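Engineer: The sequence shown begins at 1328 in our numbering and counts up by one. Just dropping this structure here.
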Amino acid sequence: MNAPWNNVDLRRAFDADFDALVAFASRSKARVGFAFLRADGQVDLGRPLDARISARMTHVFALAQMRGIEGAAHLVSHGLAALAGPLRSPNGSWYAEVVPTSERSATPVPHAVLSQRAQSAIIGAAAAAAMAGHEEARDLLVDLEKDQDQRWWDPCAGAVREEIDASSGSRLPLRRLSTNLDTAQAYLAAWEATSDHVWFDRARSILRLVGEIAARCGFALPDLYDEEWRPLPASADQDPVELIRPGDTLPGLGFKAARLMGQVYALLVHMGEEPGPWMIDTATALYDRALADGWTDEGVGGIVYTLDPAGVIAAPQRMHWVVCEAASAARVLAEVVDPTRADDLAVDYARAVAWADSHARAGIGRWIHEVAADGSVSMLVWEGRPDALTAARMLARGSAPIHLTVTGATAARYASQASASASCR
C-alpha cells in the first residue's frame, strides 16, 4: 500500500513542523520548569507552575534531543530539575500546581491536590528523558513507580485513581478514562525505558478495563465515572470538566483507545505472544464509532469534542488533540487490521492531516488547540498554546514500527542513524 505516512514529502514537512514546534515551545522556559504559553508565544506568569505542562514540555524536548536539535538537552535537564524538586510534595508524591519561591523551592497552591493526570505526564517525561540519556530520570522513574504503588494504582479495578487532597490525603471518588489512557501510554514508555514488566502489565490491565467499558457502552466512551467505574449519569451533580458533562461521550477517547490497543496488539505479536482477538476487534469498533459519531461536514468540518447520551453534539469545538489522535489511530490500525481495510484507513489518515493543516495550524510549528464550529479560534478550554506534545507525537510517528511508542521509535530511529553515520567515518 502506498500509505501517506510513507510519503517522503509529507515526512519532510512533518520534520520541519516538528522543529518549528520545538522552537516555539522552548519559549515556555521559566525560572522553574515550563510555564503556560499564550498564543502569542509569551508565557503567562500570572499562573501557577503546572506539573502536567512542565512534564509534557520536558517530554517534547527529550524527543527533540533524540532528534539532535541543538539546546534540547539543556531544556530536558531544566524540566527534570523542576519535576524532581519544586513540584515534589513532602509525602513523596507530586503536586499538580505550585507557586515557585525560588529555583529550588515552591509553595503549593490553596486547596492543593495530587493528580494522576499530572503524574502520568511526569512518568512519560521521565521515560523519554531516560531514553535520551539523562540518568537522573531513571532515579525519578524509581520514585514514580513507588508512588504509583502507594497511592495511585487500584489493583481491584486494574486502573488508576484520579486525585488526592494534598492536605488530608483523602482520595476523590471521580475516575476519568482520559487519565487512564494517558497513564497506559506513559506506562508503555516507562517499560521501554526500564524493561520493568510491571509497567507493561499495568498498561495492558488498563486497556482491558477500557475494552470492558467500551463493550458496555456501545463503543462510545464517556470520560467521567464513579469509584466503581460506572459512568456518571447525565443527571449527576457534577460540574462540567473541561466542557465534559456527566454522560457525555468523547470521540477523541475512542481514537486514543483504539490506537493504544492497536499498538499493544502489535507489541504482543512482536514479542511472540498470541493477543486475544478481543483487542483488535475492540480497537476497530472504537475507531469506527468515534469516526461515525465525531466526524462532521458541517461548519468547518472536522471532529467534534463531545456528544450527549442521545448522540447529539454537546460541545462542537474541534480540539487539536482529537484530530491528531484520529490520524495516529488510522496509522496504527492500518497495519494490524484486515488488509482490505487498510486503504480506507489511509484515506482517513490523509483527511485528518489535511483538516489539521487547514484549520488547526496558525503557521509552521504553531498549533491551534481549539477551533470553533465556524473555524474561528475558540478558548473555552485552551486559552493559549500550552501543549506541544500531542502534535509532536503525531509529527514524529512517521513510518516507525507501531509496536514502539513514539518515544521508543524516536530513540530507535535516531540511534540507528547515529550508528550508520559513525560506521561511515
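Backbone N, C-alpha and C fix where the C-beta goes; we use that ideal spot for every residue, glycine too. Just so you know, these numbers come straight off a predicted model, no measurement behind them.
#1: Which same chain residues end up closer than 6 Å to L1441 when comparing Cβ atoms and leaving out the 5 residues on each side of it in sequence?
#2: Hey, how far is the Cα of E1462 from the Cα of A1366?
#3: Give a yes or no on whether the C-beta atoms belonging to V1680 and A1715 are separated by under 8 Å.
#4: Hey, how far is the Cα of G1451 from the Cα of A1459?
#5: Can you tell me where the beta strand (DSSP E) holding P1713 begins and where it ends?
#6: For V1568, which residues of its own chain have a beta-carbon under 7 Å away from its beta-carbon, when the five flanking residues on both sides are left out?
#7: State the Cα-Cα distance for the pair A1542 and G1395, rounded to the nearest angstrom.
#8: Can you tell me where the alpha helix (DSSP H) with T1611 in it begins and where it stops?
#9: List the whole-angstrom C-beta distance separating I1691 from A1347, where the pair is believed to meet the contact cut-off of C-beta under 8 Å.
#10: Does DSSP put M1384 in a helix, in a strand, or in coil?
#11: Would A1513 pass as a contact of L1468 if the rule is Cβ separation under 8 Å?
#12: Identify every residue that forms a DSSP beta bridge with Y1422.
#13: Sorted by chain position, which residues of the same chain lie with C-beta nearer than 7 Å to V1436's C-beta, five sequence neighbours on each side aside?
#14: Using 8 Å as the cut-off, can you tell me whether the stretch 1624-1631 makes contact with the stretch 1583-1602, which would need three or more C-beta pairs spanning the two stretches below that distance?
#15: Helix or strand or just coil, what does DSSP make of W1556?
#16: Where does C1282 land, buried or exposed, given buried means 16+ other C-beta within 10 angstroms?
#17: Count the other C-beta atoms from every protein chain shown that fall within 10 angstroms of the C-beta of N1333, then say buried if there are 16 or more, exposed otherwise.
#18: Which residues bound the alpha helix (DSSP H) around E1463?
#19: Using 8 Å as the threshold, is the C-beta distance between A1464 and A1457 below it?
#20: By the three-class DSSP mapping on this structure, what secondary structure does E1569 have?
#21: Does the distance from the C-beta atom of P1558 to that of G1574 stay below 8 Å?
Structural biologist: Per the coordinate set shown:
#1: S1420, I1491, A1493
#2: 34 Å
#3: no
#4: 12 Å
#5: Here P1713 belongs to no beta strand (DSSP E), and DSSP marks it neither H nor E.
#6: L1551
#7: 43 Å
#8: 1604-1621
#9: 4 Å
#10: helix
#11: no
#12: L1441
#13: P1375, E1424, V1425, V1426
#14: no
#15: coil
#16: The structure shown does not extend to residue 1282, since the chain is modelled only from 1328 through 1752, so no value can be given for it.
#17: exposed
#18: 1462-1474
#19: yes
#20: coil
#21: yes
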